[in-house]
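S.K.:
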Amino acid sequence: MTNKITELFKIEHPIIQGGMVWVSGAKLAAAVSNAGGLGLIGAGSMKPDLLRQHILKAQSLTTKPFGVNVPLLYDKAQEQIDCALELGVKIFFTSAGSPKKFTQYLKDKNAIVAHVTSSPELALKCSDAGVDAIVAEGFEAGGHNGREEITTLTLIPQVKKVTKVPLIAAGGIASGASILAAMALGADGVQLGTRFLMTTESSAHDNFKKLLLTSLPHSTQIMMRKTVPVRLFANTFASEIKSIEEQFTGSELTEKLNTHLGKYRAKMGMLDGDLEAGELEVGQIISSIKDIPSVESVMKELLSDYQKTLSQLPHTI
Ligand SMILES: Cc1cc2nc3c(=O)[nH]c(=O)nc-3n(C[C@H](O)[C@H](O)[C@H](O)COP(=O)(O)O)c2cc1C
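Going letter by letter, the sequence shown gives residues 72 to 388 in the working numbering.
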């Protein structure tokens, strides 16, 4: 397929693997790019030195375009961006912060910039900041989430209404049928996180992947609604957070949560495989994923399911 997104990133299919802390290193990003999508190294969990190693490794694993996702809520964002630019990275997906912060800086260095947003209002800000593409991420998505709690089905047409910037839909997409639905709503491309977490190339711990095979539709929950909303697998860590949220308010709540989270809970859960004490970020669509294949077979399945669903659509209703 050729469209605004494939042309912008010079890729074969408008399918992007979302940046994921502790999960999307060089191996995953390169595998997605080699399969014709766009792989992103998730810089959020990497110090600049480690990010450098992952970029060099990805460059050795693929000659296709790949990018770096930089969440702007961490204090190392500027260093991460400079490190990636220095190594010749030309595609940046920024998130969790203002699109104004780095878009012009990156555009001045001839980079392509996409920014992740969770509401039509924020999408307008992205467009004003001059981004090349907008990722509109619905409330179903794994990881950090918008406070507005707008679902993908509702968000995409509303973002489409307020801006003409190429649009990438994210949140709850893990099949060819859902890619087709996103395109029908006006998206030019899609970003998948949870589906790519469940592949052999992701660096999520095997314990975590195997636990996720048992997921039910209600296995994920949004936690920390009042501070930094995040969609998690409901385990012991999530219950502890819930209990802190029930007991405290205001600055005391923030302090207690920071102390609890300050113990590298996300690394403990997703990379080291501690399924109870660790934080396990994952999207709501996980309950429909029942395998851990290679990236190549995920891509093949997405493309064939897209074609099959398209051919079976009723012509009238
Ligand atoms: C384990 C995990 C970690 C994530 N970490 C990040 C991150 O570091 N930066 C970011 O912009 N989005 C992050 N996300 C969101 C993904 O990039 C993507 O937009 C989202 O997963 C799409 O929704 P889905 O999970 O329903 O496919 C994360 C998602 C997951 C599941």
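By construction, the Cβ of each residue, glycine as well, lies at the ideal position given by its N, Cα and C atoms.
#1: Mind reading off the beta-carbon distance from Glu83 to Gly110? Whole number of angstroms is fine, and I expect it under 8 angstroms.
#2: Pick helix, strand or coil for Met339, following the three-state DSSP scheme.
#3: For Gln149, which option in Met117, Thr133, Gln130 has the closest C-alpha, if you only look at C-alpha atoms?
#4: Suppose only complete runs of 4+ residues qualify. What are the alpha helix (DSSP H) ranges in the segment 98 to 173, listed by chain order?
#5: When burial is assigned at 16 or more other CB atoms within 10 Å of the CB, is Gln151 buried or exposed?
#6: By DSSP, does Gly247 sit in helix, in strand, or in coil?
#7: Kindly identify the DSSP beta-bridge partner or partners of Phe304.
#8: What do you reckon, are the CB atoms on Glu272 and Leu99 nearer than 8 angstroms?
#9: My assumption, with CB atoms under 8 angstroms, is that Ala253 sits in contact with Ile293. Please give the rounded CB distance.
#10: For Gly201, which of helix, strand or coil comes out of DSSP?
#11: So, using beta-carbon positions, are Gln124 and Leu263 closer together than 8 angstroms?
#12: Return yes when the C-beta of Pro142 is under 7 angstroms from any heavy atom of ligand 1, and no when it is not.
#13: Restricting to runs no shorter than 4 residues, where is the alpha helix (DSSP H) found entirely within the segment 356 to 388?
#14: Which of the three DSSP states, helix, strand or coil, is assigned to His186?
#15: Thinking C-beta only, is Lys231 closer than 8 angstroms to Leu238?
#16: Alpha carbon to alpha carbon, how far is Val202 from Val187? Give it in angstroms, no decimals.
#17: What are the boundary residues of the beta strand (DSSP E) that Ile227 is part of?
#18: For the beta strand (DSSP E) containing Leu263, name the first residue and the last one.
#19: Quick one: any contact between the segment 264 to 283 and the segment 209 to 216, if contact means 3 or more CB pairs under 8 angstroms?
#20: Assess, as a yes-or-no matter, whether the segment 242 to 257 is touched by the segment 358 to 377 under the definition of 3 or more beta carbon pairs within less than 8 angstroms.
#21: State yes or no: is the C-beta of Met72 nearer than 7 angstroms to some heavy atom of ligand 1?
#22: Among residues of its own chain, excluding the 5 on either side of Val92, which ones have a beta-carbon nearer than 8 angstroms to its beta-carbon?
#23: How would you label Lys280, buried or exposed, when you count the other beta carbons within 10 angstroms and need 16 or more for buried?
#24: Just to confirm my understanding: we take Tyr145, look at its own chain, exclude 5 residues before and 5 after, and list those with CB closer than 7 angstroms. What are they?
#25: What residue range does the beta strand (DSSP E) around Ile87 cover?
#26: Expressed to the nearest angstrom, what Euclidean distance is found between the alpha-carbon atoms of Ser359 and Ser131?
#27: Find the nearest neighbour of Tyr176 within the set Gly344, Ala167, Ile162, judged by alpha-carbon distance.
M.R.: Considering the structure as presented:
#1: That pair is no contact at about 13 angstroms.
#2: helix
#3: Met117
#4: 119 to 132, 148 to 157
#5: buried
#6: helix
#7: Thr291
#8: yes
#9: Going by Cβ atoms, the distance from Ala253 to Ile293 rounds to 21 angstroms, so no, they are not a contact pair.
#10: coil
#11: no
#12: yes
#13: 366 to 383
#14: strand
#15: yes
#16: 10 angstroms
#17: Looking at the DSSP string, Ile227 is not in any beta strand (DSSP E); the run it does join, the alpha helix (DSSP H), is 223 to 233.
#18: 260 to 263
#19: yes
#20: yes
#21: no
#22: Gly113, Gly115, Ser116, Pro142, Gly214, Ala337, Met341, Glu352
#23: buried
#24: Gly115
#25: 86 to 88
#26: 34 angstroms
#27: Ile162
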